[in-house]
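Everything on this sheet refers to the single structure shown next.
Protein chains: 2
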Amino acid sequence: MPPTQVPDMVVARLPLYLRTLEYLQRQGVELISSAQLAELAGVSPAQIRKDLSHFGRFGKQGTGYDVLHLRRELIRILGLDRQWPMALVGLGALGQAIMHYGGFKERGFHIAAVFDSDPDKIGKQIGDLVVMPPERIPHELPKRQIQIGIVAVPPEAAQSVANLLVRSGVRAILNYAPITLSAPPEVHVEQIDPVVHLQHMVYYLRHCPQ
Amino acid sequence: MPPTQVPDMVVARLPLYLRTLEYLQRQGVELISSAQLAELAGVSPAQIRKDLSHFGRFGKQGTGYDVLHLRRELIRILGLDRQWPMALVGLGALGQAIMHYGGFKERGFHIAAVFDSDPDKIGKQIGDLVVMPPERIPHELPKRQIQIGIVAVPPEAAQSVANLLVRSGVRAILNYAPITLSAPPEVHVEQIDPVVHLQHMVYYLRHCPQ
DNA sequence: TAGATTGTTAATCGATTAACAATC
DNA sequence: TAGATTGTTAATCGATTAACAATC
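Line by line, the protein sequences give chains A and B. For the first sequence, the residue numbers in the numbering used here are 83 to 292. For the second sequence, the residue numbers in the numbering used here are 83 to 292.
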C-alpha cells in the first residue's frame, strides 16, 4: 500500500500490465492468473506477483486476479484517474503526426498547447488550438496547468526547448529528438527514437546465424 | 574483439553512444574522454569503458577516444555499414507518419515495401512504392531480402501481422501497436508505445511533492 | 618525466527467480 | 476438504560501480 520506495523498473512495467488487462477486458476475460498475465505481458509470473506486492494485495489465492479490479487499481496507482494535458513543441512532420495520434485521447492524455518557432505556422489553427511561438511557453504552461511536455524539434534545438519547458514548470518530458536531454533530477525524461531500436536489433541480425 | 556473449543491455546502449558521437562530430569535437561522453549520453564513465571493453580497446590512455574512429567502430560492431530495407505494415495515420519519417534514411534504414488491407489503399502510389495487400508479404519480403518489419496496424490485427512477417523470414520487428507481441526467440521484437512512457512518468508526477 | 585516462578486476548493489507457506 | 494460486522470503543471478595498475 505505501509506496515507500518502489524500484523504477517496477513502475515501468505497470503500464504494460495495465495495457494487457485492457486487452483482456476487451476480450471479455474476467479472471486471470499471474501465469496467464505473465505470458501475455512477456514477463515471468513471479515478477508480476513481486511487482504488485509493492503496492498491496490484489489477487485471491487459488483464483487469480479480477481483471477489472486490478485494472482499476493500476489506474489509481499510476495516477491515471484524471486527464493529463500536454504541451507539444515542434510542428514539423513528426510533430504533426504526434498532434494527430489517436492513442493519447483514448488513454487520458491530450495536447492542450502547441508551439513552433516558424512564423508561417504561428497563428495557424490546428484542431481547436492555435500555434504559438516558444516564447509563450512560460506564460501558457502554468496558465493551463501543463506538467508534461513533448519535444519534437530538430536535435540542435531540443536542449534549449527542454530548458524552457523545465523553467516553465514541466516535470515530465517525452523527447522525440534524437539526442539525450539533460534535465534536473526532479524532471523525468523519456525518449522515443525508433532508429535506436532498429540499430539495437540489427546487431543481432548481423551476429546470429542465418 | 570476439562477441563471445555480450549482455543485451550493453548492446542496447551502443546506439546511444553512437548517436552522441555523431552529435559530437557535428559539433566539431575530435577527441573525447569517457567522462565527457558519459555526461552527454546520460550514463557513468565506468559503464562506457566497461561496455566498450566487450568489443575491443578503442581508446588511448591519458587521451581518451577519437570521435571519428570510435564512431566507425560502433557502426561496424552494430552492423550499420550497409543499408537495411524494411517492410511497413499498416498505412493509417500512424503508418503514414512512419512512412514519411525523415530519421530513417539519414541513418541507413529505408522502407522498401508497404502493405495495407484497405482496398481503397491497395494499388496507391506512395513515393516510389505501391501499396500491396498483406497476402503479398510472403512473396515480396524474400524477393526484396527484407529482414525487418514495422507493425503499425490496430492492436487486434498486430499479432497476426507479426506471425505473417515471421513466416516470411523477418527477424526483427518494430512494433507500434499497443500490445505485447509474441514471437519465436530468434525473432527480435521492440516496442514503441508513447503512452506507456507517459504513464510511467505520470506515476512520479502523482507521487512526488509539488 | 608527470599527468591524465583507459582497460580491467574485484566489490557492491539490485533485480529476478525459485520455492513454499498461507489461504481462498 | 482438496486443489489451485497468491504473497513473500531466501537464494541466485547479473549488472553497475569503485578502484587502480597499465600506459599513452
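We treat Cβ as the ideally placed atom computed from N, Cα and C, and that holds for glycine. These numbers come from a predicted model, not from an experiment.
Complete alpha helix (DSSP H) runs within the region 198–281 of chain B (minimum length 4 residues, chain order): 219–225, 237–249
Minimum C-alpha distance to V171(B) - residue among Y285(B), E222(B), Q87(B): In terms of CA proximity to V171(B), E222(B) leads the group Y285(B), E222(B), Q87(B).
Counted within 10 angstroms of its Cβ, other Cβ atoms place V212(A) as buried (16 or more) or exposed: exposed
Beta-bridge partners of F191(B), as assigned by DSSP: W166(B)
S199(B) vs A239(B) beta-carbon contact at 9 angstroms: yes
V171(A), DSSP secondary structure in three states: strand
Where Y67(B) falls: helix, strand or coil (DSSP): Residue 67(B) is absent from the structure shown; chain B starts at 83 and stops at 292.
Cα-Cα separation, L160(A) to D210(B): 44 angstroms
Short-range partners of chain B found in the region 265–289 of chain A, where Cβ spacing is below 9 angstroms: E268, H270, V271, E272, Q273, I274, D275, P276, V277, V278, H279, L280, Q281, H282, M283, V284, Y285, Y286, L287, R288, H289
Nearest residue (CA-CA) to V277(B), options I204(A), F137(A), H282(A), A254(A): A254(A)
V327(B) (DSSP reduced to helix, strand or coil): Missing from the structure shown is residue 327(B); chain B here goes from 83 to 292 and no further.
Alpha helix (DSSP H) segments (min. 4 residues) lying fully within the region 112–140 of chain B: 116–123, 127–135
Segment contact, 8 angstroms Cβ cut-off, at least three pairs: the region 97–109 of chain A with the region 250–267 of chain B: With the cut-off at 8 angstroms, the region 97–109 of chain A and the region 250–267 of chain B touch.
Chain A contacts from the region 170–184 of chain B (Cβ-Cβ distance under 9 angstroms): G174, A175, L176, Q178, A179, I180, H182, Y183, G184
Inter-residue Cα distance where the pair is L96(A) and Y258(B): 18 angstroms
Pairwise C-alpha distance: R249(B) and P220(B): 7 angstroms
Residues from the region 124–154 of chain B in contact with chain A, defined by Cβ distance under 7 angstroms: G124
Given 8 angstroms, three or more beta-carbon pairs between the region 187–194 of chain A and the region 117–127 of chain A: Counting C-beta pairs with one atom in each stretch, the region 187–194 of chain A and the region 117–127 of chain A have fewer than three that are closer than 8 angstroms, which means they do not touch.
Residues bridged to V196(B) (per DSSP): L170(B)
D90(A) versus A244(B) - alpha carbon distance: 30 angstroms
Chain-ordered chain B contacts of Y99(A) [CB-CB under 7 angstroms]: In chain order: nothing, as chain B lies at least about 10 angstroms away.
Top-ranked residue by Cα proximity to L156(A), from P236(A), Q178(A), S135(A), E217(A): S135(A)
CB-CB length for V298(A) against Q229(A), believed under 8 angstroms: For chain A, the structure presents residues 83 to 292; residue 298(A) sits outside this window and is missing.
Cβ-Cβ distance between H182(B) and A175(A) below 9 angstroms: Contact flag set, yes.
R139(A) classed as buried or exposed, judged by whether at least 16 other C-beta atoms fall within 10 angstroms: Exposed is the call here.
C-alpha gap between V269(B) and L287(A), whole angstroms: 9 angstroms
Contact set for K206(B): own chain, Cβ-Cβ below 8 angstroms, skip 5 residues either direction: V212, V213
M283(B) versus S115(A): straight-line alpha-carbon distance, rounded: The straight-line gap from Cα to Cα measures roughly 27 angstroms.
Proximity of L113(A) and D148(A) at Cβ, strictly below 9 angstroms: yes
Helix, strand or coil at Y286(A) according to DSSP, with G and I counted as helix: helix
Anticipated Cβ contact below 8 angstroms, A179(B) with I232(B), distance rounded: The C-beta separation of A179(B) from I232(B) comes to about 11 angstroms, leaving the pair out of contact by the 8 angstroms criterion.
Sub-9 angstroms separation of G177(A) and V235(A) beta-carbons: yes
Proximity test, Cβ basis, 9 angstroms: M83(A) and chain B: For M83(A), the pLDDT reaches just 38, beneath the cut-off of 50, and the residue's location in the model is therefore unreliable, leaving the point undetermined.
Beta-carbon spacing of G141(A), R153(A) below 9 angstroms: no
Distance between beta carbons of Q281(A) and L162(B), contact taken as under 8 angstroms: 6 angstroms
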